[in-house]
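Numbering (my numbering), first residue to last: 6 to 126. Notes to accompany the following structure.
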Amino acid sequence: MSRKILVVEDDKDLQKVICQGLSAKKIECDVAENGAEALEVAIKFMPDLIILDIMMPVMDGYECCEKLREMKGFEETPIIFLTARGDDWDVLTGYIKGCDAYLKKPFSLDALADEISRILN
Numbered sequence: 006m007s008r009k010i011l012v013v014e015d016d017k018d019l020q021k022v023i024c025q026g027l028s029a030k031k032i033e034c035d036v037a038e039n040g041a042e043a044l045e046v047a048i049k050f051m052p053d054l055i056i057l058d059i060m061m062p063v064m065d066g067y068e069c070c071e072k073l074r075e076m077k078g079f080e081e082t083p084i085i086f087l088t089a090r091g092d093d094w095d096v097l098t099g100y101i102k103g104c105d106a107y108l109k110k111p112f113s114l115d116a117l118a119d120e121i122s123r124i125l126n
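As structure tokens, then:
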């Protein structure tokens, strides 16, 4: 079964690295550069999982996560925060806002793939 993942990241180079890594694992990938754009792309793309940065322009990841959880069809969509914000408070806030996993940058593609696999299987 083909999986679809939305990568919400304002760093275009990191978007590319993540999507190339996912496509090597036969996972379809779409991208958004901020939380507001992510809400629009999510409705069109209907991802199986969302990878979400926290520090982004327009709408940050925390607010985006909250809004996704309020949207019909996304209440249970798994969300992985992938962010440079790694303080205990940031991690706790991520889970309070509704994420399913929290990975800190820098990260390895293998660790991200393992987390995706764990959540989707």
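Even for Gly, the Cβ is constructed at its ideal location relative to N, Cα and C.
Considering only C-alpha positions, which residue in the set the options is nearest to residue i?
| i | options | result |
| --- | --- | --- |
| Leu117 | Lys102, Phe79, Leu27, Lys49 | Leu27 |
| Glu75 | Lys102, Ile121, Val13 | Lys102 |
| Asp105 | Phe50, Ile55, Cys24 | Ile55 |
Buried or exposed: which applies to residue i, given that a residue is buried once 16 or more other Cβ atoms fall within 10 Å of its Cβ?
| i | result |
| --- | --- |
| Ile48 | exposed |
| Lys77 | exposed |
| Leu125 | exposed |
| Pro52 | buried |
| Met61 | buried |
Over what stretch of residues does the beta strand (DSSP E) that includes residue i continue unbroken?
| i | result |
| --- | --- |
| Ile84 | 84-88 |
| Cys34 | 32-37 |
| Ile56 | 54-57 |
Considering just the uninterrupted stretch of the alpha helix (DSSP H) at residue i, what are its terminal residues?
| i | result |
| --- | --- |
| Glu81 | Unbroken run through Glu81: none, as it is neither H nor E. |
| Val46 | 40-50 |
Report the three-state DSSP secondary structure of residue i (helix, strand or coil).
| i | result |
| --- | --- |
| Val13 | strand |
inquiry  = For the structure I just gave you, are there three or more beta carbon pairs, one from the region 36-53 and one from the region 14-26, closer than 8 Å?
reply    = yes
request  = Give a yes or no on contact between the region 87-106 and the region 66-73, applying the rule of three or more CB pairs nearer than 8 Å.
outcome  = yes
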